[in-house]
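Residue numbers (the working numbering): 979 to 1075.
Note that the Cβ used here is the ideal one computed from N, Cα and C, for glycine as well.
Quantities reported herein were computed from a predicted structural model and do not represent experimental measurements.
Following: one structure in structure tokens, then a few remarks.
Next comes the structure, spelled out in structure tokens:
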């Protein structure tokens, strides 16, 4: 079974208050769904058409598990807190063999 990953690349800094409310709900929702944070921001070097903004990488045991985590009721509550407060490019991808 191939692992699944969330890659979340911000296009601009998030609204600090909305982001804080989102994080309070999102981290437990993701971890309870089996997600493991591999990257939470930190230093980065943007190349080609990349943006020098916050990037988050989360690993799941499977691609299906990653999709279910995003669609979960607990994560939807977190997204409601973030509504309009962030411009992100979030992708759910299947890992390599």
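According to DSSP, what are the bridge partners of residue 986? Within the chain shown, the letter at position 8 stands for residue 986. According to DSSP, which records beta bridges pairwise, residue 986 is partnered with 1034, 1068.
Bridge partners for residue 1017 per DSSP, in chain order? As a position in the chain shown, residue 1017 is number 39, starting the count at 1. Per DSSP, 1035.
Alpha carbons only, please: which of 1000, 1007, 993 is nearest the one belonging to residue 1043? Indexing the chain shown from 1 puts residue 1043 at position 65. Nearest of 1000, 1007, 993 to residue 1043, Cα basis: 1007.
Using 10 angstroms around the beta-carbon of residue 1016, count the other beta-carbons present and answer buried if the total reaches 16, otherwise exposed. In the chain shown, residue 1016 corresponds to position 38, counting from 1. Residue 1016 comes out exposed.
How long is the line joining the alpha carbons of residue 1048 and residue 1030, rounded to whole angstroms? Here residue 1048 is taken as the residue at index 70 of the chain shown, counted from 1. Here residue 1030 is taken as the residue at index 52 of the chain shown, counted from 1. Each residue's alpha carbon lies about 25 Å from the other.
Using the C-alpha atoms, what's the distance from residue 1072 back to residue 1038? Walking along the chain shown from the start, residue 1038 turns up at place 60. Walking along the chain shown from the start, residue 1072 turns up at place 94. Rounded to the nearest angstrom, the two C-alpha atoms are 10 Å apart.
Buried or exposed: where does residue 1055 fall if 16 or more other Cβ atoms within 10 Å of its Cβ makes it buried? Within the chain shown, residue 1055 is the residue found at index 77, counting from 1. Within a 10 Å sphere around the beta-carbon of residue 1055 sit fewer than 16 other beta-carbons, which makes this residue exposed.
Cβ-Cβ separation, residue 1068 to residue 986 (assumed contact under 8 Å), whole Å: The residue you call residue 986 lines up with position 8 of the chain shown. The residue you call residue 1068 lines up with position 90 of the chain shown. Indeed, because the Cβ distance is near 5 Å, the residues count as touching under 8 Å.
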